[in-house]
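J.:
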Ligand SMILES: [Zn+2]
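Numbering (this note's numbering), first residue to last: 922 to 987.
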């Protein structure tokens, strides 16, 4: 077994350019892109999990690098 069973496969969206990638959501809620170790093509490394539920929050500025 090479993959952690606790990892959740999901779609993740770049916080900068909005590109969507397949990613693993780790148990600690961090997002790890699949096959893209260097992050987004735009150079950003902040991603947001895309939830299937319609949960749009216009004021998203939680952990933006304190
Ligand atoms: Zn991007």
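Virtual Cβ for every residue (Gly too), placed ideally from N, Cα, C. Quantities reported herein were computed from a predicted structural model and do not represent experimental measurements.
Residue 965: buried (16+ other C-beta within 10 angstroms of its C-beta) or exposed?
T.: Indexing the chain shown from 1 puts residue 965 at position 44. Exposed, by the Cβ-count rule.
J.: Within its chain, find whatever has a CB closer than 8 Å to the CB of residue 974; leave out the 5 residues flanking it on each side and keep chain order.
T.: Locating residue 974 in the chain shown gives position 53, counting from the first residue. Here the model assigns residue 974 a pLDDT of 48, short of 50, so the residue's position is not dependable, and the following value carries that caveat. Same-chain partners within the cutoff: there are none.
J.: From 962, 963, 949, 945, pick the residue whose C-alpha is nearest to that of residue 955; which is it?
T.: As a working mapping, residue 955 is identified with position 34 in the chain shown. Of the candidates 962, 963, 949, 945, the one whose C-alpha sits nearest the C-alpha of residue 955 is 945.
J.: Pull up the CB-CB distance for residue 968 and residue 930, whole angstroms please, since I reckon it's below 8 Å.
T.: Position 47 of the chain shown, counting from 1, holds the residue named residue 968. Position 9 of the chain shown, counting from 1, holds the residue named residue 930. Going by Cβ atoms, the distance from residue 968 to residue 930 rounds to 14 Å, so no, they are not a contact pair.
J.: Let me confirm a value: residue 961 is counted as buried when at least 16 other C-beta atoms fall within 10 Å, else exposed. Which label applies?
T.: To locate residue 961, count along the chain shown from 1; it is residue 40. Only buried fits residue 961, as 16 or more other CB atoms lie within 10 angstroms of its CB.
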